[in-house]
Amino acid sequence: MNKYTNIADYYDSFTDYYDLLMTQGNYDYQGMANAVYSLMKYGQKKILELGVGTGLFAEKLLVLAPEAKFTGVDISSSMLNIARKRLGEWGKLVEADIYDMNLEETFDIAVSSRGVWVISQRGDRTDLRNHTKDIDEDIKGLINVAKHLRQDGLFLLSVQGEHKSHQQNLPTGIVYSQEIEKIGENDEIESIEKSYFFNKDGEILAQQTLNLNYIKQWKKEEIMEQAGFSFVSVD
Numbered sequence: 339m340n341k342y343t344n345i346a347d348y349y350d351s352f353t354d355y356y357d358l359l360m361t362q363g364n365y366d367y368q369g370m371a372n373a374v375y376s377l378m379k380y381g382q383k384k385i386l387e388l389g390v391g392t393g394l395f396a397e398k399l400l401v402l403a404p405e406a407k408f409t410g411v412d413i414s415s416s417m418l419n420i421a422r423k424r425l426g427e428w429g430k431l432v433e434a435d436i437y438d439m440n441l442e443e444t445f446d447i448a449v450s451s452r453g454v455w456v457i458s459q460r461g462d463r464t465d466l467r468n469h470t471k472d473i474d475e476d477i478k479g480l481i482n483v484a485k486h487l488r489q490d491g492l493f494l495l496s497v498q499g500e501h502k503s504h505q506q507n508l509p510t511g512i513v514y515s516q517e518i519e520k521i522g523e524n525d526e527i528e529s530i531e532k533s534y535f536f537n538k539d540g541e542i543l544a545q546q547t548l549n550l551n552y553i554k555q556w557k558k559e560e561i562m563e564q565a566g567f568s569f570v571s572v573d
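Quick note on numbering: the sequence shown equals residues 339 to 573 in the working numbering.
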């Protein structure tokens, strides 16, 4: 099984199956696009998506707000190639790591719909899920996002449930499965190993393993404040 420490290599490795999985109703791209669009009536026109992937959220936003000035950033070149085909000439796509990107402009709204950070609902707790064990790296990345927002800009994160082991039938006879294993925990972070498999007729088409981390709610609130963000609401 492949294990990736480089997140770009990880996403590049299953680009062929990404959209097939992500469009089966597990992620509410339309809901996030609706949320962003509802804020645009207040004049917020410049939108930055962190982890644009193959452009699934951006495509929904394009239908609602073709007048938006959209920039999508991703570390995976193969994902960006699909996004460009999906979006046509609309928007600007940039290959960069959000932790040290420098876009030389500021935005009204930054969105992380699933690619970089998400809020994970875990019982009565809302943790911050990410790809790095290093909280200092997260603070660095969040500060960098804040630098790309205007003074009263907004940072929107999607809310998702907790990762669990499961199996799902996809179109064209492909079966997707994921296995979750807890690999560590301290008072600040809980770490899991998430293994993905795409199978068809008993043959493994692709498989990957990635470590994910939940920054616990109290620590999430602390690092968000350190990065310069203040909580507004959950919708």
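Think of the CB as a built atom: it goes at the ideal place given N, C-alpha and C, for glycine as much as any other residue.
Residue 464 and residue 410 have their alpha carbons spaced roughly 26 Å apart. With a beta-carbon spacing of about 5 Å, residue 447 and residue 385 fall inside the 8 Å limit used to define contacts. For the pair residue 445 and residue 495, the Cα-to-Cα distance works out to about 15 Å. The three-state reading of DSSP puts residue 541 in strand, counting E and B together. Ranking 442, 462, 401, 396 by CA distance to the CA of residue 556 puts 462 first. When the five nearest sequence neighbours on each side are left out, the beta carbons in the same chain lying within less than 6 Å of the beta carbon of residue 382 are those of 446, 447, in order along the chain. Setting aside the 5 residues that flank it on each side, residue 424 is surrounded in the same chain by 392, 393, 397, each with a C-beta closer than 7 Å to its C-beta; the list follows chain order. Using a Cβ-Cβ distance cut-off of 8 Å, the segment 545-564 and the segment 465-474 are in contact, since at least three pairs of beta carbons, one from each stretch, lie closer than that value. Note that the C-beta distance between residue 460 and residue 500 is below 8 Å.
Taken in chain order, the unbroken stretches of beta strand (DSSP E) that lie wholly in the segment 412-491 and span 3 residues or more are 430-433, 445-450, 456-460, 463-468.
Excluding sequence positions up to five before and after residue 567, its CB lies within less than 8 Å of the CB of 480, 484, 493, all in the same chain and listed in chain order. In the structure shown, residue 383 falls within a coil segment according to DSSP collapsed to helix, strand and coil. In this structure, the straight-line span from the alpha carbon of residue 422 to that of residue 431 is close to 7 Å.
Going by DSSP, residue 512 is part of no alpha helix (DSSP H) at all; its letter is neither H nor E. If you ignore the 5 residues before and after residue 454, its C-beta comes within less than 8 Å of the C-beta of 388, 389, 436, 468, 469, 479, all in its own chain and listed in chain order. Going by beta carbons, residue 523 and residue 515 fall outside the 8 Å limit. In the structure shown, residue 560 adopts helical secondary structure according to DSSP, grouped into three states. Around the Cβ of residue 502, a 10 Å sphere holds fewer than 16 other Cβ atoms; the residue is exposed. Annotated three-state conformation of residue 376 is helix, per DSSP.
Residue 374 counts as buried, since at least 16 other C-beta atoms from the protein chains shown sit within 10 angstroms of its C-beta. The criterion of a C-beta distance shorter than 8 Å is satisfied by residue 547 and residue 533.
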